[in-house]
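A.B. asks: Protein sequences appear in the order of chains B and Z.
For the record, in the first sequence the residue sitting at position 63 is 63 according to our numbering, with numbers rising by one throughout.
For the record, in the second sequence the residue sitting at position 427 is 1427 according to our numbering, with numbers rising by one throughout.
Every residue gets a Cβ at the ideal spot worked out from N, C-alpha and C, and that includes glycine.
Quantities reported herein were computed from a predicted structural model and do not represent experimental measurements.
Sharing a structure below in C-alpha cells format, with a few things to ask.
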Amino acid sequence: MTIYGLFYIALVFALVLGAAFPLGRYIAAIFEGRVTWLRPLETGIYRLAGVDATRQMGWQSYAIALLLLSVIHFALLYAILRLQYYLPFNPLHIAGMSPRLAFNTAASFTTNTNWQAYTPEQQISNGAQMLGLCVHMFLSAAAGIAAAAAVMRAFTGRGLKTLGNFYADLTRITLYLLIPIALIAATLLVLAGSPQTFVQAVPLHTLQSGTQPLAIGPVALQEAIKELGTNGGGFFNANSAHPFENPNAWTNLLETWLILVIGFSMPIAFGHMVKDKAQGRTLMAAMAIILALGCVGAYAAEAAGNPQQIAAGVQASGNWEGKEVRFGIPASTTFNVSATGTSTGAVDSFTDSYTPLGGAIPMFLMQLGEVTPGGVGSGFYTIIVFALLSVFIAGLMVGRTPEYLGKKVQAKEIKLAMLAVLVLTALILCGASLSLMTKSGLGSLENAGPHGLSEMLYGWTSATENNGSAFAGLSANTPLLDYGLGTAMLFGRFAFMIPILAIAGSLASKPKLNEISGTFPTSGPLFTFLLIGVIIILGGLQFMPADTLGPIAEHFLLYAGKSF
Amino acid sequence: MSKAETISLFDAGIIRRAALDSLAKLNPVTLARNPVIFVTEIVAALVTATGIGALFTHRPASFSITIAIWLWLTVIFATFAEAVAEGRGRARAESLRRARSDTMSKLLVDPRDRVIFKPTPAPDLRCGDVVLVEAGDLIPSDGEVIEGVASVNESAVTGESAPVVREAGGDRSAVTGGTHLVSDWLVVRITADAGSTFLDRMIALVEGAQRRKTPNEIALNILLAGLTIVFLIAVVTLVGFGQYSGTHFSIPVLAALLVCLIPTTIGGLLSAIGIAGMDRLVRFNVVATSGRAVEAAGDVDALLLDKTGTITFGNRMAAGFYPVPGVNERALAQACVMASLGDDTPEGRSILSFARDRYGISLATPNDAAIIPFSANTRMSGVDTGGKSYRKGAVDSVLAALGVAPDPAFTESIARIARAGSTPLAVTADGKLLGAIELKDIVKPGIKERFAALRAMGIRTVMVTGDNRITAAAIAAEAGVDDYIAEANPQNKLDYIRKVQSEGRLVAMCGDGTNDAPALAQADVGVAMQTGTQAAREAGNMVDLDSDPTKLIEIVEIGKQLLITRGALTTFSIANDIAKYFAILPAIFITTYPQLGALNIMRLNTPQSAILSAVIFNALIIVVLVPLALRGVKFRPIGAAALLKRNLLIYGLGGMITPFIGIKLIDMLLGLFHVFS
C-alpha cells in the first residue's frame, strides 16, 4: 500500500460525498414534483402514454404498476433478443438468442442486474444493445429509484394512504436525473475517446498484415448509464477494462464517481424528504464506512500481492494479474469494490484474478444485501430494512416499543422484513449449494478447490443481489445457470421489493409519533455503528460458513503454499 | 397479599416444582409456540437418534450422545426459565384463590323485596342477578350495590385490612367477589359471570395461564423465527458446500452449529421475561388486564396526574403568618393558636403545628377555654378564653363581621397569598384584625425531582385539578409539571387526552369515579383505583389495588423495564454468534482444510472440545441469565441516547466478548478432565 493509493480512495470518497449533498437535495425536489424545467416534455409523455400523473397510488397500486411495467419490458426485451436477426441495426447479422439465454438476459436487464451470460460482441446486435439493453438500463434504474421514493414518502406524514404515482416518478427520475447526467457523462467519455456510432465494426489491420473486425458502436452513452444507473452491463465482454468503454485513468475515476453518486445521494434525499437531514447523513455514513473499509481492505490485499509469486520472484509490487496497467491497483480495486458495493457489477479488472481476500470483499459486500450504497434506489430501501431491524432489536433497550422516524415498528413490518432477508439468503445459499451438487454446476467451474466454490457462490450472490458482476471463471451459459440465475434475479428483485413496498404502505398509514427525549435516537454516530453492526450480523453472518469454505480457506491455503 | 410479601428469586419450593414443570413443557405440541426452542428440541431428538444408532452399530457414539445431552439441557433450561417465572406467579395466585367463595349466596327473587331469597351456589350466579349480602357473608361475585350501606373488608383482594364503606349510588358502589361484609347489609346486582370475575381474572393473569403474547412479543418472536430459518438454511446448505469441498459433516456437528447460531438465549427466556414483567406489576399491587397494557405503559409520554394526593398532600397546610402593622409575628402566631385550638380539621391542626414548630408556642388549652365551633352563619370559629375572644375565618366573612376597611398592608398580604395559589384566613382578637394565615397546598417533597426525571425520559406530566387557573398555575410551577388542567371536569379531561393523542403521544391517567370512565377508556393506559366504581374499573386497563395514584410513575417504569430486558437479551443473544463462529467453524472444517486452524483464535484444545464447549456455553448462558430475566434490567432515567449507549455497551459489546471467555473456560475445564481433549 502506498500513500498515493490511499489518497486515491480518499479522493473518490471526497468527490462522491461532496456531490451527494447537492444531488440528494435535487433528487428530493424531483420526488416532491418541484423540478419542472422539462414540464412540456413531461406532460407530453403523460398524454402520450395516457396516464394520469396526479392520481395518488396506495402501495398495492404502486407495486402493481411497477410489476406491470417490468413484465411488459421483460416480454419486449425477450422478443428483441430472440428476433434481433430480423431487426434493424444488425450489420453483422448476429443470430437471435436461444430461449434460455434470452430469458436470462431479459431477466438480467429488467431487474437492473445486468448479469451477462452472453458475449456482447458476438451475441448481440447494436440495435438490440440500444433499443433493448440501453433503454432498460434507464428504466430499471428509474424503477428502483421510484420504489425508493415511495418508501421515503411513507415516513413523511401520518395516516397516509398513498405513496405517490409510479408513472410520474418513473418519468421524472428518467427526465430530470438519469438522462441529463448520462448525457454529460457520455459527452465526457466521447471526448476521452469512447466511440458513439451506429457502425458495429471497423476493420483493423493487424501487425501480421491481416485484418480483423474491431467491434465498436454506441458505447459512450451505454457506458454512462451503465455506471450511473448501477447497471453494469458492458457493451463489450471485457466490460470497463475495455479501452473503448474506459479509455484512461480519468474516465476510470469518472466512472467510479458515476457508480456511487446516486446511491449516496438517496439517503440525503431522504433526509430532505423527512425534514431531518441528520437522519439521511446517518444512513449515508453507515454506507460510506462499510464501503471505505471494503476499498481499503481490497486495496491492501491486492497491494500485498500473492505470497507465492513474491517468493518465486515474479511479482514485486502487488498482485497485477487481471488488472489494467492504465489504472493501477488502487484505482482498479476501488472501481471493483464500488461496483459491488453498489449493485453495478461493472469491472475494470478481473475479480477472479484477485487474491482470495481481495476477491472475498466484493462478494461479501454483495452478500450484505447491497447497501453500501447499493443499487440506485434499491440500496436505499434495503438499508431502510436494516434500519427498521436495528431499531427493532436495539430500540427496545431504551424502554419503548420500537419506532423509526415516529413510525412504530410492529409485527407486520418485522414479518415482511424478515421475509425479504429470507428470500435473499435462501436464493444465494440454496442456489450455490445445489448447483455444486450437480454435474452441470460442477462443469461450469473453471477452477477446483475453494476457488471453484467462490466462483459458484459469487455467481448466485451476484444474480440474487441484482449485482451482475461476474467473478469470471464461471461458464454461466448453461441451462442450469441460465434458468437458475435468471429466476434468482427476478426473485431477488421483486420478491424483495414488494415486501418492502408493503412495509412502506403499512408504515405510511400509521400515526407519526413525536420525537421526545425518550425516543430511540436514529441519527448520530451511535446509530451509524449500530446499523453497521446489524448489517454485518443479520446481513452477513449467515454466509460466513460458506465463505469460510471459499475465499477464506483459499486465503489460508495460499499462505500455506497451495493455490488453485 | 401484601406488598411486603416478596418471593425469593430462587425459592426452594418454586424451583422444585419448576424442575418438574420444565419436563412437562417438553411436549412438542406446546413447545411449538416457541419456534427457536422447538427447533432445538427437534435437533436434539435427531442427534439422540444418531447417537443411539451409533451405539447399536458399534460406532463411536460418545460425542453424539454428549452433544445430545447438552442440546436437551438447552431445551430444558429454556422451559425451566418459563416454569420458574410461572411458579412465582402461581404462589401469588394461591393466596388469591383462597379468597374465592364457593359458598351459598342469597339470590333475591324480587329485587324490591329482600325477605324472600333462594339459596344459590355462588358459581351459579349470572350477570344481572340480584343478591342479598348480610353482615358476616362473603360477597359472592363482583357487583354493584343497588341498595344499602355497609362496611366491607377487602383485605382478600387489596391486603388493606381497614374496612371500607360501600353504598348504593356514587363512586363507592362497586363490590368485589371474595370480599367480606363486616356490618349491615347490601343488595347487590351481579355484574360478572362466574369465572370472569375480577378475582378470576387476576388469578389467571398472575398464573400466566391464559397469557396471550403481547404485540411486541409477537413481533420479536417473528424476528427470532426468521433468524432461525435463516441459520437453518445456512447450516443445511453447508452439506452441499461440504460435499464439494470433500467434507462429510456428521449430524451432531451440524446440529451443534445450528443450535449455537439460532438465538436460543432470548428464545429460551422470552416468555419468562413477559411473565416476570406482569409479576413485577402484581407485586406492586397493580393488576393489568393485559400484557398489552404493560407494554403501552413503557411507551407513555404524557402522564395525567391528579393534584390532590399525588402531587400535593391533599390538605392545605399553614405556611405563613402575616401580621398587620403594629402587631408582631409572634403575637399573631399566639392568636392563631388560640383561634385554632378548637379546630379539629387538618387545616386547623396544621396551624397549630406550624406555630409550634416555627415559633415554639405552647399548644396547651387554657382551662377556661370555651370553644366556638365553625358555623355556616358566621363562617368563623375560635375560642373565648381569659376574657378575650379569638376568631379566624374566611377573609371576606371576617371583614364583613368587622365592618371596617382593613389596613392596606393586610389587603396587600391577602393578594400576595392568593397569587401564590394559597388560601388566606383572617385572624381577629376581640374584634380587632391581627393578620392573615396562609394555607397552602403543600407539594410532596421529592416530587419535583421525579418530574424532572420523567422529563429526562421524555414524559410530560400534566396536573389535573379542580382549582381555578391561578391556584393551579402556582402549584404547577412549584411542582414542576409541564402543563395543567385547571377547573377539571370529565369533559375537559377527555378533550385534553384526545388533543394530546392527536399530537402522536400516548397518555396514561388514573381515576376512580364513574365520570372518569370515558377518560380512562380513552387513555392508552388507564389505571382505575380499586376503591373506584365498577364503571371505572371496567374502563381502565389496570387496577391499582392500593388505590394510590402516585403509582402511575412506577407503572411506566415497569413497562419500560420489561421492554429493556427483552431488547437487552435479544442483543446479547445475537451478538454471541460471532464468538461461536470462531469456536465451531475452524473445528468443523479442519479435516478438509487444516490451514483454517488459524481461525481458532481461542486456541481450543480439539475440534470436538471446541464444538462441545460452544454448545455447553450456549446452554448454560440461559440458566445464568434467568435471574436477570426475572428481575429485569434496571431502567435508568438518563435519556434515551445515554441509556442506549450504556445498554449497547453492556449487552452488545458484552455479548460479543462474553462467549469468547466462557467458551475458552469451558474448553479448559474439559481439558482438565480429559473430556474429548
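1. Could you tell me the distance, in whole angstroms, from the CA atom of Z/Y1651 to the CA atom of Z/E1154?
2. Assuming Z/A1093 and Z/S1141 make a contact with CB atoms under 8 Å, what is their CB distance in whole Å?
3. For the putative contact between B/T344 and B/N306, defined by C-beta atoms under 8 Å, what is the C-beta separation to the nearest angstrom?
4. With DSSP run on the structure shown, which of helix, strand or coil describes Z/Y976?
5. Please report the straight-line C-alpha distance between Z/I1273 and Z/T1247, rounded to a whole angstrom.
6. Label Z/E1312 either buried or exposed according to how many other C-beta atoms from any shown protein chain fall within 10 Å of its C-beta, with 16 as the threshold for buried.
7. Against chain B, with Cβ distances strictly below 8 Å, would Z/L1304 count as a contact?
8. What residues in the stretch 1485–1499 of chain Z bring their beta carbon closer than 9 Å to a beta carbon of chain B?
9. Does any CB atom of chain Z fall closer than 8 Å to the CB of B/S523?
10. Leaving aside the five residues before and after Z/P1252 along the sequence, list all residues of the same chain whose C-beta is less than 7 Å from its C-beta, in chain order.
11. Could you tell me how far apart the beta carbons of Z/L1630 and Z/V1084 are, in whole angstroms, since I believe they sit closer than 8 Å?
12. Taking only three categories from DSSP, how would you classify Z/P1627?
13. What residues in its chain sit with their C-beta under 6 Å from that of B/I262, if we drop five residues either side in the sequence?
14. Would DSSP call Z/H1248 helix, strand or coil?
15. In the stretch 124–156 of chain B, which residues sit with their C-beta less than 9 Å from some C-beta in chain Z, listed in chain order?
16. If you follow the beta strand (DSSP E) that Z/F1117 is in, where does it begin and where does it stop?
17. Here's the rule: buried if 16 or more other CB atoms are within 10 angstroms of the residue's CB, otherwise exposed. What is Z/R1460?
18. Tell me which residue opens and which closes the alpha helix (DSSP H) that B/M287 is part of.
19. Can you tell me where the beta strand (DSSP E) with Z/I1372 in it begins and where it stops?
20. Which residue marks the beginning of the alpha helix (DSSP H) containing B/W59, and which one marks its end?
21. Can you tell me which of the three DSSP states B/W320 falls into?
22. Pull the bridge partners of Z/N1153 from the DSSP assignment, please.
23. Assuming the contact rule is C-beta atoms closer than 8 Å, Z/K1551 and Z/F1635 should be a hit. Round their C-beta distance to whole Å, please.
24. B/A63 to Z/R1189, Cα distance in whole Å?
25. Buried or exposed: where does Z/F1056 fall if 16 or more other Cβ atoms within 10 Å of its Cβ makes it buried?
26. According to DSSP, simplified to helix, strand and coil, what is Z/P1215?
27. DSSP has Z/K1440 in a bridge; who is on the other side?
28. Would B/Y4 be called buried (16 or more neighbouring beta carbons within 10 Å of its own) or exposed?
29. Compare the Cα-Cα distances from B/G341 to each of B/S390, B/G294, B/L485 and B/P203 and report the closest residue.
30. So Z/G1268 packs on Z/A1078, CB below 8 Å; how close in whole Å?
31. If you compare alpha carbons, which of Z/R1566, Z/L1562 and Z/K1664 is closest to Z/R1603?
32. Of all the options B/G524, B/S240, B/L558 and B/L541, which has the alpha carbon lying nearest to the alpha carbon of B/M284?
33. With a cut-off of 8 Å, does the C-beta of Z/A1256 fall near any C-beta of chain B?
34. Taking the alpha-carbon positions, what's the B/A546 to B/G369 distance?
35. Using 8 Å as the limit for Cβ to Cβ distance, is Z/E1449 near chain B?
36. Do you know offhand how far Z/F1589's Cα is from Z/C1260's?
C.D. replies: Short version:
1. Taking the first residue of the second sequence as position 1, residue 1651 of chain Z is located at position 651. Taking the first residue of the second sequence as position 1, residue 1154 of chain Z is located at position 154. Roughly 44 Å separates the two Cα atoms.
2. Along the second sequence, one-based indexing puts residue 1093 of chain Z at 93. Along the second sequence, one-based indexing puts residue 1141 of chain Z at 141. With 8 Å as the limit, Z/A1093 and Z/S1141 do not qualify as a contact, their Cβ atoms being about 18 Å apart.
3. Start at 1 with the first residue of the first sequence, and residue 344 of chain B comes out as number 344. Start at 1 with the first residue of the first sequence, and residue 306 of chain B comes out as number 306. Going by Cβ atoms, the distance from B/T344 to B/N306 rounds to 26 Å, so no, they are not a contact pair.
4. A query on residue 976 of chain Z cannot be resolved here, the shown segment of chain Z reaching from 1001 to 1677 and no further.
5. On the second sequence, residue 1273 of chain Z is found 273 positions in, with the first residue counted as 1. On the second sequence, residue 1247 of chain Z is found 247 positions in, with the first residue counted as 1. Approximately 41 Å between the Cα atoms of the pair.
6. Along the second sequence, one-based indexing puts residue 1312 of chain Z at 312. Per the sequence shown, the amino acid found at residue 1312 of chain Z is Thr instead of Glu. Per the 10 Å Cβ criterion, buried.
7. Locating residue 1304 of chain Z in the second sequence gives position 304, where the first residue counts as 1. So, not an interface residue.
8. none
9. In the first sequence, the residue the question calls residue 523 of chain B occupies position 523. No - not a single Cβ of chain Z is within 8 Å of the one on B/S523.
10. The sequence position of residue 1252 of chain Z within the second sequence is 252, counting from 1. V1047, T1050, F1063, S1064 and I1067.
11. By one-based count along the second sequence, residue 1630 of chain Z stands at place 630. By one-based count along the second sequence, residue 1084 of chain Z stands at place 84. Between Z/V1084 and Z/L1630 the Cβ distance is about 7 Å, and since that is below 8 Å, they are a contact.
12. Here residue 1627 of chain Z corresponds to residue number 627 of the second sequence, with the count starting at 1. It is helical.
13. Counted from its first residue, the first sequence places residue 262 of chain B at position 262. Excluding residues within five positions, the ones whose Cβ falls inside 6 Å are V376.
14. Mapped onto the second sequence, residue 1248 of chain Z falls at position 248. Coil.
15. none
16. For the purposes of this step, residue 1117 of chain Z is taken as the residue at position 117 of the second sequence. Here the beta strand (DSSP E) through Z/F1117 covers F1117 to P1121.
17. Taking the first residue of the second sequence as 1, we reach residue 1460 of chain Z at position 460. Under this definition Z/R1460 is a buried residue.
18. Taking the first residue of the first sequence as 1, we reach residue 287 of chain B at position 287. Unbroken alpha helix (DSSP H) run through B/M287: K277 to A304.
19. The residue labelled residue 1372 of chain Z in the question sits at position 372 within the second sequence. It spans A1370 to I1372 - the beta strand (DSSP E) in which Z/I1372 sits, taken as one unbroken run.
20. Within the first sequence, numbered from 1, the residue matching residue 59 of chain B stands at position 59. Looking at the DSSP string, the run of the alpha helix (DSSP H) that includes B/W59 is W59 to L83.
21. Here residue 320 of chain B corresponds to residue number 320 of the first sequence, with the count starting at 1. Coil at B/W320, not helix or strand.
22. Position 153 of the second sequence, counting from 1, holds the residue named residue 1153 of chain Z. In the DSSP output, where bridge partners are listed per residue, Z/N1153 has Z/H1180.
23. Residue mapping note: residue 1551 of chain Z aligns to position 551 of the second sequence, counting from 1. Residue mapping note: residue 1635 of chain Z aligns to position 635 of the second sequence, counting from 1. Actually they do not touch by this definition, with Cβ atoms about 15 Å apart.
24. Within the first sequence, the letter at position 63 stands for residue 63 of chain B. Within the second sequence, the letter at position 189 stands for residue 1189 of chain Z. If I take the Cα positions, the gap works out to 57 Å.
25. Along the second sequence, read from residue 1 onward, the residue named residue 1056 of chain Z stands at position 56. Exposed, because fewer than 16 other Cβ atoms sit within 10 Å of the Cβ of Z/F1056.
26. Here residue 1215 of chain Z refers to the residue found at position 215 of the second sequence. It is helical.
27. On the second sequence, position 440 is the one that residue 1440 of chain Z refers to. Looking at the DSSP assignment, Z/K1440 forms a beta bridge with Z/M1317.
28. Position 4 of the first sequence, counted from the first residue, corresponds to residue 4 of chain B. Its Cβ having fewer than 16 others within 10 Å, B/Y4 is exposed.
29. Position 341 of the first sequence, counted from the start, is the residue given in the question as residue 341 of chain B. Here the closest residue by C-alpha is B/G294.
30. Here residue 1268 of chain Z corresponds to residue number 268 of the second sequence, with the count starting at 1. Here residue 1078 of chain Z corresponds to residue number 78 of the second sequence, with the count starting at 1. Between Z/A1078 and Z/G1268 the Cβ distance is about 3 Å, and since that is below 8 Å, they are a contact.
31. For the purposes of this step, residue 1603 of chain Z is identified with residue 603 of the second sequence, where counting begins at 1. Answer by Cα proximity: Z/K1664.
32. Taking the first residue of the first sequence as position 1, residue 284 of chain B is located at position 284. Per the Cα distances, B/G524.
33. Walking along the second sequence from the start, residue 1256 of chain Z turns up at place 256. No, Z/A1256 does not count as interfacial toward chain B.
34. Sequence index remark: in the first sequence, residue 546 of chain B carries index 546 (1-based). Sequence index remark: in the first sequence, residue 369 of chain B carries index 369 (1-based). Roughly 16 Å between the two C-alpha positions.
35. Here the question's residue 1449 of chain Z lines up with position 449 in the second sequence. So no, Z/E1449 is outside the interface.
36. Here the question's residue 1589 of chain Z lines up with position 589 in the second sequence. Here the question's residue 1260 of chain Z lines up with position 260 in the second sequence. Cα to Cα, the separation comes out at about 16 Å.
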